[in-house]
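A short worksheet on the structure shown next.
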Amino acid sequence: MTNTSLLSRGLEEGVANSVLIKLNQIGTISETVEAVDMARSAGWTAVVSHRSGETEDAFLSGFTVGMGMGQIKTGSVCRTDRVCKYNQLLRIQQELGETAMFAGGTPFQRRQ
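0 is the number of the first residue of the sequence shown in numbering that gives the first Met the number 0; add one for each residue after it.
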């Protein structure tokens with residue numbers, strides 16, 4: 000759900016502790032970044048996802064790492080569109096080497 004008005008409502012009502020970010024369901028990357036920032040400022044986590052049967056483009060992997068989200072929902076490695084995303088994550092980790100850090104140390108925290 001990458002709709003900032005629905006996200007705002009969810010934040011106000013305190014109905015969750017994480018948001019599933021679907022890049023294909025929002026107008027721009029800037030709006031997606033805004034949604035991630037909104038979630039984080041409320042103490043929520045963000046998990047990035049994609050459509051089933053999408054292309055082999057691996058932008059989603061770089062976006063996830065670049066935003067420091069720590070989690071990506073792309074499914075098992077049974078189709079090339081998914082394998083490409085995982086391979087890109089491996090390339091990013093290889094390039095970062097020892098400086099690579101897992102961004103999602105505490106993915107789901109209980110609300111008080």
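Positions of the beta carbon are idealized from the N, C-alpha and C atoms, including for glycine.
Original post:
Quick one: what's got a C-beta closer than 8 Å to Ser75's C-beta in the same chain, skipping five residues either side?
Top reply: Within the sequence shown, residue 75 is the residue found at index 76, counting from 1. Contacts found: Arg81.
Subject >> Neighbourhood of Leu88 by C-beta distance below 6 Å, restricted to the same chain and skipping five residues each side >> reply: For this step, residue 88 is matched to residue 89 along the sequence shown. Cβ within range, chain order: Ser60.
Original post:
For Thr63 versus Val47, is the C-beta distance shorter than 8 Å?
Top reply: Counted from its first residue, the sequence shown places residue 63 at position 64. Counted from its first residue, the sequence shown places residue 47 at position 48. It is a contact, given that the beta carbons lie within the stated cut-off.
**OP:** Identify which residue in Gly13, Gly65 and Val14 has its Cα closest to the Cα of Val35.
**Re:** Within the sequence shown, residue 35 is the residue found at index 36, counting from 1. Comparing Cα positions, the closest option is Gly65.
Original post:
Cβ of Asn86 within 8 Å of Cβ of His49?
Top reply: As a first step, residue 86 must be located in the sequence shown, where it is residue number 87. As a first step, residue 49 must be located in the sequence shown, where it is residue number 50. No, they are not a contact pair.
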